[in-house]
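Visitor: These protein sequence lines are chains A and B, in that order.
Take 1 as the starting number for the first sequence in the numbering used here and just add one per residue.
Take 1001 as the starting number for the second sequence in the numbering used here and just add one per residue.
For every residue, glycine included, the Cβ atom is placed at its ideal position computed from N, Cα and C.
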Amino acid sequence: RKEVEQDPGPFNVPEGATVAFNCTYSNSASQSFFWYRQDCRKEPKLLMSVYSSGNEDGRFTAQLNRASQYISLLIRDSKLSDSATYLCVVRLDTGKLIFGQGTTLQVKP
Amino acid sequence: DAGITQSPRHKVTETGTPVTLRCHQTENHRYMYWYRQDPGHGLRLIHYSYGVKDTDKGEVSDGYSVSRSKTEDFLLTLESATSSQTSVYFCAASRGGTNEKLFFGSGTQLSVL
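1. Identify the residues that DSSP records as bridge partners of residue 1059/B: which are they?
2. Looking only at C-alpha atoms, which of 34/A, 27/A, 40/A and 109/A sits nearest to residue 78/A?
3. Strictly under 8 Å for the Cβ-Cβ distance: is residue 1098/B near chain A by that measure?
4. Would residue 1033/B and residue 1045/B be called neighbours here (beta carbons separated by less than 8 Å)?
5. What do you get for residue 1039/B, buried or exposed, if any count of 16 or more other CB atoms within 10 angstroms of its CB means buried?
6. Determine, using beta carbons only, whether residue 1003/B comes closer than 8 Å to chain A.
7. What whole-angstrom Cβ distance do residue 1043/B and residue 1090/B have, given they're in contact under 8 Å?
8. Have a look at 1096/B, 1113/B and 1035/B and flag the residue whose alpha-carbon is nearest the alpha-carbon of residue 1086/B.
9. Give the straight-line distance between the Cα atoms of residue 1105/B and residue 16/A, rounded to the nearest whole angstrom.
10. Report the option in 10/A, 37/A and 70/A whose CA atom is closest to the CA atom of residue 31/A.
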């Protein structure tokens, strides 16, 4: 079993839709959590960190459920420019950073 | 971005030859990472370093070795390249705090024929 698992999708949604991605992790030594965005095999870029209390950044909301060991990302009012691959990342207490395989989002006009 | 430079950017080599990829950073990051990315697998951790001469294995370390003799350089070596090591390789670095972001290099496309 992979340490960090995501549904690869693709998720095809119309502009303006709300879409949610989930990610599960298996290592209880997981310390911190992130969502990264990757465009067309370029280097990934940090979208947002995920905090225990949940956090929001504009149209993006991230949630963490430590008891169930999953994190989520909600995107509201999807834009064409949101089309990308979204990567769930978990940092272990050793400093090791593990990526999920990514979820592909395609927003259509 | 944030002073992470990978070299070379592209390389074509033959099966059985040794290959070394270099990652250089200018921001004094403590942690450095090597990932490979293949279709359907996302980024998979090969090795990482938590300080000079301190390294540890990742998920897919077989066939790879690393060295970090200076803070700024993290080298990835394929002792005897195989076709299964054809991939895009990303180097990344971070300061290492709990919520410190990763800074990535632009990637190296390696083709082993």
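Guide: For this structure:
1. Looking at the DSSP output, residue 1059/B sits in no beta bridge, so it has no partner there.
2. Of 34/A, 27/A, 40/A and 109/A, the residue nearest in Cα terms is 109/A.
3. At a cut-off of 8 Å between beta carbons, residue 1098/B contacts chain A.
4. Closer than 8 Å, so yes.
5. The residue in question, residue 1039/B, is exposed, as its Cβ has fewer than 16 Cβ neighbours within 10 Å.
6. No, its Cβ sits nowhere closer than 8 Å to a Cβ of chain A.
7. Rounded, the Cβ-Cβ distance is 6 Å, consistent with contact.
8. Answer by Cα proximity: 1113/B.
9. Distance from the CA of residue 1105/B to the CA of residue 16/A, rounded to the nearest whole angstrom, comes to 33 Å.
10. Nearest C-alpha to residue 31/A: 70/A.
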